[in-house]
Structures are given as structure tokens and as C-alpha cells.
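Asker:
Protein chains: 2
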Amino acid sequence: MNREELFHQIKKKNTYLCIGLDPDLDKLPEGLPRNLEGLLEFHKRIITATEDLCIAYKPNLAFYEKLGHEGWDLLTETLNFIPSSHFTIADAKRSDIANTSDQYAEAFFGESLPFKVDAMTINPYMGEDSIRPFLKYPSKWTILLALTSNPGSQDFQKLKLENGRYLFEEVLLKAKTWAGPDQMMFVVGATQPDALSSIRALVPEYFLLVPGIGAQGGDLGKISKAGMNSKGGLIINASRSILYASSRDNFDIKARDAALLIQKEMAQYLRMYI
Amino acid sequence: MNREELFHQIKKKNTYLCIGLDPDLDKLPEGLPRNLEGLLEFHKRIITATEDLCIAYKPNLAFYEKLGHEGWDLLTETLNFIPSSHFTIADAKRSDIANTSDQYAEAFFGESLPFKVDAMTINPYMGEDSIRPFLKYPSKWTILLALTSNPGSQDFQKLKLENGRYLFEEVLLKAKTWAGPDQMMFVVGATQPDALSSIRALVPEYFLLVPGIGAQGGDLGKISKAGMNSKGGLIINASRSILYASSRDNFDIKARDAALLIQKEMAQYLRMYI
Chain E
2 MNREELFHQI
12 KKKNTYLCIG
22 LDPDLDKLPE
32 GLPRNLEGLL
42 EFHKRIITAT
52 EDLCIAYKPN
62 LAFYEKLGHE
72 GWDLLTETLN
82 FIPSSHFTIA
92 DAKRSDIANT
102 SDQYAEAFFG
112 ESLPFKVDAM
122 TINPYMGEDS
132 IRPFLKYPSK
142 WTILLALTSN
152 PGSQDFQKLK
162 LENGRYLFEE
172 VLLKAKTWAG
182 PDQMMFVVGA
192 TQPDALSSIR
202 ALVPEYFLLV
212 PGIGAQGGDL
222 GKISKAGMNS
232 KGGLIINASR
242 SILYASSRDN
252 FDIKARDAAL
262 LIQKEMAQYL
272 RMYI
Chain X
2 MNREELFHQI
12 KKKNTYLCIG
22 LDPDLDKLPE
32 GLPRNLEGLL
42 EFHKRIITAT
52 EDLCIAYKPN
62 LAFYEKLGHE
72 GWDLLTETLN
82 FIPSSHFTIA
92 DAKRSDIANT
102 SDQYAEAFFG
112 ESLPFKVDAM
122 TINPYMGEDS
132 IRPFLKYPSK
142 WTILLALTSN
152 PGSQDFQKLK
162 LENGRYLFEE
172 VLLKAKTWAG
182 PDQMMFVVGA
192 TQPDALSSIR
202 ALVPEYFLLV
212 PGIGAQGGDL
222 GKISKAGMNS
232 KGGLIINASR
242 SILYASSRDN
252 FDIKARDAAL
262 LIQKEMAQYL
272 RMYI
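Going line by line, the protein sequences match chains E and X.
For the first sequence, position 267 matches number 268 in the numbering used here, and the numbering has no gaps at all.
For the second sequence, position 112 matches number 113 in the numbering used here, and the numbering has no gaps at all.
1. Name the chain E residues that come within less than 7 Å of X:H70, Cβ to Cβ?
2. Interface residues of chain X around E:A120 at Cβ under 9 Å?
3. Less than 8 Å between the CB atoms is what I'm expecting for X:Y58 and X:I20, so what's the real figure, rounded?
4. Taking only runs that begin and end inside the stretch 6-67 of chain X, name each unbroken alpha helix (DSSP H) of 4 or more residues, in chain order.
5. Could one say the Cβ of X:E171 lies closer than 8 Å to chain E's Cβ atoms, at least one of them?
6. Does any C-beta atom of chain X lie closer than 8 Å to the C-beta of E:S248?
7. Should E:A259 and E:I243 be called a contact, given that it needs their Cβ atoms to be closer than 8 Å?
8. Between the Cα of E:T51 and the Cα atoms of E:G72, E:W142, E:P84, which residue gives the shortest distance?
9. In chain order, what are the residue ranges of uninterrupted alpha helix (DSSP H) at least 4 long that sit wholly in the stretch 92-162 of chain E?
10. Given X:F169, which residues of its chain have a CB within under 6 Å of its CB, disregarding the five upstream and five downstream residues?
11. Do X:M2 and X:F82 have their C-beta atoms within less than 8 Å of each other?
12. Rounded to whole angstroms, what's the CA-CA distance from X:Y167 to X:A202? Just pull it up for me.
13. Note down, in chain order, every chain X residue with its Cβ under 7 Å from the Cβ of E:L162.
14. Less than 8 Å between the beta carbons of X:A176 and X:I237, yes or no?
15. Taking Cβ positions only, does E:K175 come closer than 8 Å to chain B?
16. Round the Cβ separation of E:I144 and E:V118 to the nearest angstrom and send it over; I've been treating them as touching at under 8 Å.
17. Considering just the uninterrupted stretch of the alpha helix (DSSP H) at X:F187, what are its terminal residues?
18. Give me, in chain order, the residues of the same chain whose beta-carbon lies closer than 8 Å to that of E:N15; leave out the 5 immediate sequence neighbours on both sides.
19. Among X:F43, X:D250, X:V188, X:N36, which residue has its Cα nearest to the Cα of X:A120?
20. Restricting to Cα atoms, I'd like to know which of E:Q155, E:F116, E:E38 is closest to E:P60.
21. DSSP three-state label for E:A239, please.
22. Take X:R133 and list the residues in its own chain whose beta-carbon comes closer than 8 Å to its own, dropping the five residues that flank it on each side.
23. Are the CB atoms of X:W142 and E:W73 within a distance shorter than 8 Å?
24. Tell me which same chain residues have a C-beta within less than 8 Å of the C-beta of X:R257, skipping the five on either side of it?
25. If you compare alpha carbons, which of X:D27, X:E6, X:I47 is closest to X:F1?
26. For X:L146, return the contacting residues in chain E, with the cut-off set at a CB-CB distance below 8 Å.
27. List the residues of chain E whose Cβ lies closer than 8 Å to the Cβ of X:F135, in chain order.
28. Give the range of the beta strand (DSSP E) segment to which E:P194 is assigned.
29. DSSP state of E:F252, grouped into three classes?
30. Beta-carbon within less than 8 Å of X:P194's beta-carbon, same chain only, minus the 5 sequence neighbours each way: which residues are those?
31. Please classify E:Y270: does DSSP put it in a helix, a strand, or coil?
32. What does a CB cutoff of less than 8 Å around X:E31 pick up in its chain, not counting 5 residues either side in sequence?
33. Per DSSP, which one or two residues make a beta bridge with X:V211?
34. Exposed or buried, X:D27, counting other C-beta atoms within 10 Å across all chains shown (16 or more means buried)?
35. List the residues that DSSP assigns as beta-bridge partners of X:T89.
Spelled out as C-alpha cells, the structure:
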């Protein structure tokens, strides 16, 4: 899905919500079998209940990897159930030396895969040649970590460099020389609204993937004001607060309610800022 | 495997070689079927031919992930074939927010897994809370990326901070407050021998995992001189130069020859420096 199509979906559906699909056997609602069939059923009901309220789904690979070999089947079947109108993000945070990143890129972007994803999250620590292999796929998106939502973002990302910039700013500035806003996005945590305005100034055209509202406590209003641009420019993710809105059999209705609250607020901001 | 046991293996076998097990269907030697059975046979013959010359094996997860769902079976069967006398490293370079790193840690260090690994490589960019979940497993090792072997290590790792340190030095100094040398190691590329002496001064007690000899061109002599400490302190990895030493059916003999050359050189350095 290209940038125009993504913006088209945002305008058409009045939402820039992404829903994280992070399967957790321990949190499966009542009434579902605690096995892979139960998890797939859970995903299908969540997707069916929310697809008109969001423009993207983001499976975080850690939750699938934990399920071992069968996790791949769950990932495949989940991705194949997502409507083609939706942007799909493999939240993998991978990267390695070029020769190895080639393998990761092929693992998620390759032609022969049993599933299709539009984008993958990538960790910038290893630099340009670790990221280039993902950019070889012109119709796919590389979503680079810049400033993450967790407390540990203070440890390295927010260190001041000799040149006066923060490390995450240097990541943004270098990375924008590697790929344009039609192929690259950046992760900026919703818990960092103050940094968002300056980030938007550094990369005015790029989409930002913003995790951290809901369970992590980010403020949707502040983020939207600081982060939106004339082409939308934001994909905001919520995972746990939607997926696990209820532990009862009405989990899909409650997930829809939680997503609807966010979507309504997003519709307001789209009217205000675009 | 704890630090004493690791050092014991190094002294007993006169080697600190780690062999990367990075399966690649395109590079499988002649005579092996180009499928998962062929890859497993390849690994078994490589391990059998080299086990007395190395102390560790390191599967890089990218190469298994590329094989999709069956990659997990190959990883499981490969790990289960490695003798228990050998240190095993899942080269995954994972990390995520704490809640998600928990999943990765359980995926590789959990009790119920069909395989056992001693260690996992972790990317530091997301900071302390992304790393803590791996440290919850006291008998397992976290191997944190510090200064990697690839050209992209210049982009961020070698940036100078306001406090006068390089970013990779800050990673070492912060991380050593999170875990001691019995539970943490650091990745330092063999292509960075000049930095190795100063790294050794910052973390004198810690083991360093050093990739980048062989195909990537690092100098074993320089690294050994700069990096060794009184408890060994080095695990040096070679992958392609051993695995793919021959594309013929004699690949295991040629792999052994390549590993033997390295082991003999290592035996010298162990005599000289310990």
C-alpha cells in the first residue's frame, strides 16, 4: 500500500488507528479454547469487530515467536484474514549486518511467502548497511525506531551528542537521506508528546508510527496536534487496551467500544488539523 | 553454562572459536537435497566435523526465520544435535518494550521449550527496561550489541556524545550496571581491533563475542592480543568461511580444515596471553 492509498483510507474511514495483534494465551477471554485455534478465533473476532474503525493492524512478532513453530501458522492465518484494504505491519524490530538483514527482509517481504505484510519495524543501532536490504523492496515500508515509548528510551536515544543533537534526532536525519517518505516511516512513542513537535519539524513529510496510547498512557490529543501533517502523517497504535478490553465472551463488543472511542476522537482531530 | 565452565572448556580444548550455523539453501554443498532435510544433514555433518575445535555454536535466527514455520523445526533439531558441552547462542538481536521483551525472553529462555540455548544477542537501542526481561533468567546470558563489525557501526555506535564518550562506550558503561560478567557479554566486531583495547579497559571482566573474522576480514591475532583476559574473555565467531569452505561433498572435511587453522592459531594465543 503506498502513501496516497494510506492517506485515502485515513480520510475515507476518519481514523488513523492501528490495532496491535499481540496474542497471549494467558489473557485469552473466557469461552475460547486456550490453544492456537482459540488465538486465531480471537484474532478473527477482533478484526471483524474493528476493521471499519482502523486503517492498520500490527502483529508484534515476539508474541508469535513465543509460540514456536506454530506461531508462524498463527501469523500466516492472521495476516491472511486481514482485509487487503488495511495496512499491515510486522512489528519485528529486527536488523543485522547486511548479509543477514537480507535474510530478514526476504523472510517478511519475499515473493514466495504464504502471507503479505506492507511494513516492518527496524532497529537503527547497526546503521545504514543493516537497513538497506529492507529498502530493496520498493513497495514495502521500513519503519525505523527513533524515539520509543518506554522508559529505556532515556538511556541511549535521548543522549546528547557532541553536535548538540539527541541520538534519536541523528537517527532521523541520517535515515531521511537513505529513503524518502514513500518508503520509510519512524516510530515515535506516544509517551513523548513534547519531542513530537521537534520530530515533525525534522521529518515533515514522513509518516510516524506512534505506539503507547492506551495501556502505556500516551495522550491522543497532544500527539495528534503535534504530529499530524497535510497527508495524515500519523498511524497511532493501541494493543492491549483494545484486545483485552474484556476478559469475557463479549470481548469483541468491548474491543469495538474501545476502538470506537479512539476513532471518534481521531475523526475530530482530522477535521481540526487537516 | 556458567563463566567457569566456559573458561574450563576453552582451556581444555585450546580454542575459543564459535561457529555460526547460518543455513542457506542457495549455498548448500553438492549432493545434499535442497530442502530442510538437506539443511539439517548439513548442520549435523558440520557439527560432527568441528565439535572438538570450537566451544560454541551460534545459529543466526534470520536464516531460520526466512524458512518460515519449518525454520523452527530446523532450529530445534540443530540445537538438539549440539553436544551439551558446547555453549549455544541464539543470534537474534531482539529487544522491545518490557512487556514484549518478556515474550522474546520466554521464546528463547523459557522452561517449556523443545530446545535449549545458553545465550541470546540483544540490541541495546531501547534501553534498560527492554533488556531486564532477559536478565530474569539467572542461568542464561544476555549478549548485548556494543560495537558491531559492519560499516554501519560508524553511523550511530561511533558517534561522540556530549560527555566525550562514544555511544558504544556509553552502552558498555550503562549495561555493566545492569548485569555482571556472569550474566552479560558484549558483541564487539573483529573489524574494530583498535577499539578493542579501550573496550577491554572499560569492561575488563566481561566476555566479548567477536564476529567478523573470516568472510568479514577481521585479524585474529590483533583481536586476541587486545581482547583476552585472565579468564579467556573472548568467544570469536566465524560463519561463512567455515560452513561454506567447499561447495562439494567434502564440505565437512574442508570446514574442519578451516576450523583447525583457526584453532591452532588460538592455541598459540592462549599460551601467549593467559
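Idealized CB from N, CA, C, for every residue including glycine.
Answerer: The short version:
1. H70, W73, D74
2. Within chain X, no residue comes near E:A120; the closest Cβ sits about 16 Å away, beyond 9 Å.
3. 5 Å
4. Qualifying alpha helix (DSSP H) stretches, in chain order: 37-51, 62-66.
5. yes
6. No, because no Cβ of chain X sits closer than 8 Å to the Cβ of E:S248.
7. yes
8. E:P84
9. 99-110, 129-136
10. A147, L148, Q158
11. No, the Cβ-Cβ distance between X:M2 and X:F82 is not below 8 Å.
12. 14 Å
13. L160, K161, L162, E163
14. no
15. Here chain B cannot be found, since the structure's protein chains are E and X.
16. So it is not a contact: roughly 11 Å between Cβ atoms.
17. X:F187 -> not in any alpha helix (DSSP H); beta strand (DSSP E) instead, spanning 185-189.
18. Q264, M267, A268, L271
19. Checking every option, the nearest Cα to that of X:A120 belongs to X:V188.
20. Checking every option, the nearest Cα to that of E:P60 belongs to E:F116.
21. strand
22. A99, S102, W179
23. no
24. A distance below 8 Å between beta-carbons, with the five flanking residues on each side excluded, links X:R257 to the following residues of its chain, in chain order: A50, T51, L54.
25. Here chain X covers residues 2 to 275 and nothing more, so residue 1 of chain X does not appear.
26. Y126, M127
27. Scanning chain E for C-beta atoms nearer than 8 Å to the C-beta of X:F135 yields nothing, as the closest lies near 12 Å away.
28. E:P194 -> not in any beta strand (DSSP E); alpha helix (DSSP H) instead, spanning 194-203.
29. helix
30. G219, D220, K223, I224, A227
31. helix
32. S248, R249, D250
33. X:I237
34. exposed
35. BP columns for X:T89 point to X:Y58.
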